[in-house]
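> Heads up: the sequence shown begins at 393 in this note's numbering, then just goes up one per residue.
One structure follows; several queries about it will come next.
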Amino acid sequence: MEAIYASGRAKSIGVSNFLQKDIETILETAKIIPSINQIEYHPYLQHGSLVPFLRERNIAVAAYAPLTAAVKASPGPLDDTYSILAKKYGVTPGEIALRWVIDQGIVALTTSGNEDRLKGYQKIKQFKLTPKEVEDISRIGSEKHYRGFWEDKFAPDDRS
393 MEAIYASGRA
403 KSIGVSNFLQ
413 KDIETILETA
423 KIIPSINQIE
433 YHPYLQHGSL
443 VPFLRERNIA
453 VAAYAPLTAA
463 VKASPGPLDD
473 TYSILAKKYG
483 VTPGEIALRW
493 VIDQGIVALT
503 TSGNEDRLKG
513 YQKIKQFKLT
523 PKEVEDISRI
533 GSEKHYRGFW
543 EDKFAPDDRS
C-alpha cells in the first residue's frame, strides 16, 4: 500500500477491521500511517480503548453497521431510549443511531436502496444529541454485546 501511495496513485492509506494490536504492529514499520480505520461500531460494539487509541494517533474512525442496535440487534436495552429520543427529535430510531455515531466524531457509513430512508437520513443534520444523551446511549449500549459481522473471527465475549 505504501508503494501505491508513494507512486501518487493513492492519496491516503486506510485499513478495515484493525484492532489495537494490529495497528500497533503496522506502526512499528509503517512509513505512512493509515488515515482511517473502518470498523463495525455501534452501541453494542464500542471497542473499548480502540477509538481513543486511534484518535491519539490521528487515525480517523469510520463506522460500518451503525444502525445495528436499532435494527439488527433489536430487541435490546436501547429500544426504549431510542424510541424516547426519536419522539423528542421527530426522527426514527435509526436516525438516532446515526446521530450517536456522528456526535462522537466518527464517520457513519450506511447504505439503503429505499429513497424515503435516504431522505430521512438527511434529518440527522438538523439536530444533535446532548452530551448526556450520547453518554446514556453509550452506557446502556454497553449492557449488551452484539457483533453483526465477522463473529466467527472473535471470541463470543470479545468487545475489542
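We put the beta carbon where it would ideally sit given N, CA and C, even for glycine.
The model shown is predicted, which means the values in this text are computed figures rather than measured ones.
(1) Buried or exposed, going by whether 16 or more other CB atoms sit within 10 Å of the CB of isoleucine 396?
(2) Only counting runs of 4 or more residues, tell me where the alpha helix (DSSP H) segments fall wholly within the region 496-547, in order along the chain.
(3) Please go through the same chain and pick out, in chain order, the residues whose beta-carbon is closer than 8 Å to the beta-carbon of leucine 459, but skip the five residues on each side of it.
(4) By the DSSP assignment, the beta strand (DSSP E) with valine 407 in it spans what residues?
(5) Going by C-alpha distance, which of Ile431, Glu420, Ala422 is nearest phenylalanine 410?
(6) Would you mind reading off the limits of the alpha helix (DSSP H) that contains isoleucine 488?
(7) Since I believe tryptophan 492 is in contact with leucine 521 (beta carbons under 8 Å), could you give me their beta-carbon distance rounded to a whole number of angstroms?
(8) State the DSSP-derived secondary structure class of leucine 470, mapped to helix, strand or coil.
(9) If we ignore side chains and look at the alpha-carbon of each, how far apart do histidine 537 and aspartate 495 end up?
(10) Please report how far the alpha carbon of leucine 437 lies from the alpha carbon of glycine 540, in whole angstroms.
(11) So, is threonine 484 buried or exposed, given that buried needs 16 or more other C-beta atoms within 10 angstroms?
(12) Could you tell me which residues DSSP pairs with glutamate 432 in its beta bridges?
(13) Start and end of the alpha helix (DSSP H) containing proline 444?
(14) First and last residue of the alpha helix (DSSP H) that includes isoleucine 621?
Concretely, from the data shown:
(1) exposed
(2) 507-513, 523-533
(3) His434, Gly486, Ala489, Leu490, Thr502
(4) 406-408
(5) Ile431
(6) 485-494
(7) 6 Å
(8) coil
(9) 21 Å
(10) 9 Å
(11) buried
(12) Tyr456
(13) 442-448
(14) In this structure the chain extends from 393 to 552, so residue 621 is not present and cannot be described.
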